[in-house]
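Novice:
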Amino acid sequence: MRFDEHNLFHPGASISTTMATTTSALVDNLAGEFQNLDTVYFTDKDAYIKIGLGSDEAYSRFGKWSEVVKVVDALFKREVFDKQRPQWLEAGCLFISLCIYRATLERKLGEPFRNVWMGGEILSPVRAVDYLGFARRCFNSGLPYPVCVRIPLEKWMNCQSDLGVCVSQAERLKTSALELYRTT
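Just add 16 to wherever you are in the sequence shown, counting from 1, and you've got the working numbering.
#1: Which whole-angstrom value is the C-beta distance of Leu121 and Thr55, which I expect to be below 8 angstroms?
#2: So is Tyr147 buried or exposed if we call it buried at 16+ other beta carbons inside 10 Å?
#3: Rounded to the nearest angstrom, what separates Gly28 and Val163 at their Cα positions?
#4: In three-state DSSP terms, what is Val145?
#5: Sort Arg101, Ser71, Gly136 by Cα distance to Val111 and report the nearest one.
#6: Shortest alpha-carbon distance to Cys115 belongs to which of Cys182, Val43, Leu196?
#7: May I have the straight-line CA-CA distance separating Gly108 from Gly158, to the nearest angstrom?
#8: Quick one: give me the first and last residue of the alpha helix (DSSP H) that Val88 is part of.
#9: With Leu114 as the anchor, note down where its alpha helix (DSSP H) starts and where it stops.
#10: Can you have a look at Lys99 and say buried or exposed, based on whether 16 or more other CB atoms are within 10 angstroms of its CB?
#11: Look at the Cβ atom of Leu179, then the Cβ atom of Arg130, and state whether they are nearer than 8 angstroms.
#12: For Gly79, which residues of its own chain have a beta-carbon under 6 angstroms away from its beta-carbon, when the five flanking residues on both sides are left out?
#13: From the DSSP secondary-structure annotation, give me the bridge partner or partners of Phe139.
#14: Could you say which of Arg101, Arg118, Val85, Pro102 lies nearest to Ala47 if we only look at CA atoms?
#15: Can you tell me whether Arg153 is helix, strand or coil according to DSSP?
#16: According to DSSP, is Gly48 part of a helix, a strand, or is it coil?
#17: CB Val142 to CB Phe155, shorter than 8 angstroms?
#18: Verify whether the separation of the beta carbon atoms of Lys66 and Lys93 is less than 8 angstroms.
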């Protein structure tokens, strides 16, 4: 895939270093806002359901760009991505950063986040592994079939309960995705 000045991917060409720089700049800019976000509890039920879809291998590709926009807009409480121009790699990298940030929050707390009563209803926490699964879904949705990034089943199962494994798999997944976008 090739990246051009309009941030569009075109099948059949290769990704440039400009792509990696642009992706990094976007994610770094948004990461500066993480401490002002509630990355643990989503009050938007639809966004909560959509981010959970990435945790299921059956839904690890072929996401709709509108789903990504919905989750990101609900999280940031503003528009981040263009609704008409998918930026799968950037979105995947953003969710990798959110995964690592969310894991760091839980490590600092020293225990898993629990369900809370908020706004007249019980909210379940969005876990680091949910962000990881959604990142995988974003990456895979932008790659041509059958090319995809994968997390081995044993590692995926370990990600459910081990934040260290989750973070290491997040970093590995991002590295794999960047390479696939560069070479595909």
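Just so it is clear, CB atoms sit at the ideal spot from N, CA and C, and this is done for glycine as well.
Specialist: On the basis of the coordinates in this document:
#1: Numbered from 1 along the sequence shown, position 105 holds the residue referred to as residue 121. Numbered from 1 along the sequence shown, position 39 holds the residue referred to as residue 55. Rounded, the Cβ-Cβ distance is 7 angstroms, consistent with contact.
#2: Within the sequence shown, residue 147 is the residue found at index 131, counting from 1. Answer is buried; the Cβ neighbour count reaches 16.
#3: Taking the first residue of the sequence shown as position 1, residue 28 is located at position 12. Taking the first residue of the sequence shown as position 1, residue 163 is located at position 147. Here Gly28 scores only 35 on pLDDT, less than 50, and its place in the model is too uncertain to base an answer on.
#4: The residue given as residue 145 occupies position 129 in the sequence shown. Val145: helix per DSSP, three-state reduction.
#5: Within the sequence shown, the letter at position 95 stands for residue 111. The sequence shown places Phe at residue 111, not Val. Checking every option, the nearest Cα to that of Phe111 belongs to Ser71.
#6: Your numbering for residue 115 matches position 99 in the sequence shown. Among Cys182, Val43, Leu196, the Cα nearest to that of Cys115 belongs to Cys182.
#7: On the sequence shown, position 92 is the one that residue 108 refers to. On the sequence shown, position 142 is the one that residue 158 refers to. Cα-Cα distance, rounded: 9 angstroms.
#8: The residue labelled residue 88 in the question sits at position 72 within the sequence shown. Counting along the chain, the alpha helix (DSSP H) containing Val88 begins and ends at 81-92.
#9: Numbered from its first residue, the sequence shown carries residue 114 at position 98. Taken as a continuous stretch (DSSP letters only), the alpha helix (DSSP H) holding Leu114 covers 104-125.
#10: The residue you call residue 99 lines up with position 83 of the sequence shown. When all chains shown are included, Lys99 counts as exposed.
#11: The sequence position of residue 179 within the sequence shown is 163, counting from 1. The sequence position of residue 130 within the sequence shown is 114, counting from 1. Not closer than 8 angstroms, so no.
#12: The count along the sequence shown starts at 1 and reaches residue 79 at position 63. The residues are Arg153, Ser157.
#13: In the sequence shown, counting from the first residue as 1, residue 139 sits at position 123. First, the residue type needs correcting, since residue 139 is Leu and not Phe in the sequence shown. Val132.
#14: Numbered from 1 along the sequence shown, position 31 holds the residue referred to as residue 47. Checking every option, the nearest Cα to that of Ala47 belongs to Arg118.
#15: Position 137 of the sequence shown, counting from 1, holds the residue named residue 153. Arg153 falls in the helix class under three-state DSSP.
#16: Position 32 of the sequence shown, counted from the start, is the residue given in the question as residue 48. If DSSP states are grouped into helix, strand and coil, Gly48 belongs with coil.
#17: Residue mapping note: residue 142 aligns to position 126 of the sequence shown, counting from 1. Residue mapping note: residue 155 aligns to position 139 of the sequence shown, counting from 1. No.
#18: As a first step, residue 66 is located in the sequence shown; it is residue number 50 there, counting from the start. As a first step, residue 93 is located in the sequence shown; it is residue number 77 there, counting from the start. Taking 8 angstroms as the Cβ cut-off, Lys66 and Lys93 do not qualify as a contacting pair.
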